[in-house]
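In the UniProt record's numbering, the protein residues as written are 1 to 288. Glycine is no exception: its CB is placed at the ideal position from the N, C-alpha and C atoms. Working notes, structure below.
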Ligand SMILES: C[S@@+](CC[C@H](N)C(=O)[O-])C[C@H]1O[C@@H](n2cnc3c(N)ncnc32)[C@H](O)[C@@H]1O
């Protein structure tokens, strides 16, 4: 079947139909989707919103792909997002074959991998750091990344997250493409403890059974590394020796614990807007 491209609504620079999985561009997509590399050179960005967000954050696109009925509507938009990169229209069967068991995307891009963020990228950056100790549900990591971005925190450190790379498709989707807008760092526990010591960062751990209520954090004026534990085990012992404060968010006794991304949202907000530091004073949207 030949793919028809709506050239009357949009004059394409380079739009190519792909109706065969042996097409070189289709092979390239298959290779990138199959890659298990911790340092991929090219990665997949799903969905228009995430592609736009990534480009805003400086990600350089390699190529753009669209499948199915939405293509006539989407192609002109893609032309605006990546005018200088090749565009491809995938046949439905090719798209099905490429994604196989993986979640398929009607609109996606291949993009050049940025340099992975490292702990030293947090030096001299204002705002608290969210340290996720053993948080493994990618949806939670993505939600916390959005919150960190939204509240102007410095970044996210992932310890024992199970992720090989922060360019993971699921994380990009869960963070709505904001994983490129803030440092998200994969680190080892020992490396993180060393960094905290070296930089003299003050650590506050969030734990449902801590003795102090979270509101006490309002009296802490220095920048904090806020530590949140994993969905199963909570916070591991390694960070104990560098932890100064421990706070609990008071809960109704019928509840054992909050979801970690909810906890992170409450704690980051509570510390970011302590005292006179109102959302208005930082020029945030949604201020009253
Ligand atoms: C789902 S909970 C983990 C439950 C785990 N069984 C435990 O013993 O900690 C995930 C993380 O969210 C944070 N958390 C959950 N509820 C909290 C609360 N009420 N106060 C402070 N932190 C809380 C903690 O950092 C916790 O490690």
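Where residue i falls, given that 16 or more other Cβ within 10 Å makes a residue buried
i           : result
residue 1   : Low confidence applies here, because residue 1 scores a pLDDT of 40, under 50, leaving its location unreliable and the question unanswered by this model.
residue 125 : exposed
residue 255 : exposed
residue 140 : buried
residue 102 : exposed
residue 8   : Confidence in residue 8 is poor, its pLDDT being 40 and thus under 50, which makes the residue's placement unreliable; the coordinate value appears in the next sentence. Exposed: under 16 other Cβ atoms inside 10 Å.
residue 50  : buried
residue 275 : exposed
residue 265 : buried
residue 182 : buried
residue 161 : buried
Cβ-heavy atom distance, residue i to ligand 1, below 7 Å
i           : result
residue 257 : yes
residue 254 : no
residue 265 : no
residue 231 : yes
residue 129 : no
residue 104 : no
residue 206 : yes
residue 82  : no
Proximal residues to residue i (C-beta, below 8 Å), its chain only, five neighbours per side dropped
i           : result
residue 213 : 247, 248, 249, 250
C-beta atoms of residue i and residue j nearer than 8 Å
i           : j           : result
residue 184 : residue 203 : no
residue 89  : residue 107 : no
residue 45  : residue 98  : no
residue 159 : residue 187 : yes
residue 42  : residue 113 : yes
residue 26  : residue 63  : no
residue 180 : residue 59  : yes
residue 138 : residue 174 : yes
residue 61  : residue 30  : no
residue 192 : residue 157 : yes
Integer-rounded CB distance, given that residue j should sit under 8 Å from residue i
i           : j           : result
residue 241 : residue 135 : Contact flag wrong, Cβ pair sits at about 20 Å.
residue 189 : residue 238 : 4 Å
residue 95  : residue 128 : Between residue 128 and residue 95 the Cβ distance is about 42 Å, and since that is not below 8 Å, they are no contact.
residue 198 : residue 178 : About 28 Å separates the two Cβ atoms, so there is no contact after all.
residue 261 : residue 172 : Contact flag wrong, Cβ pair sits at about 16 Å.
Contacts around residue i, its chain only, beta-carbon distance under 7 Å, and the 5 residues preceding and following it disregarded
i           : result
residue 269 : 151
residue 263 : 206, 228, 249
residue 123 : 199
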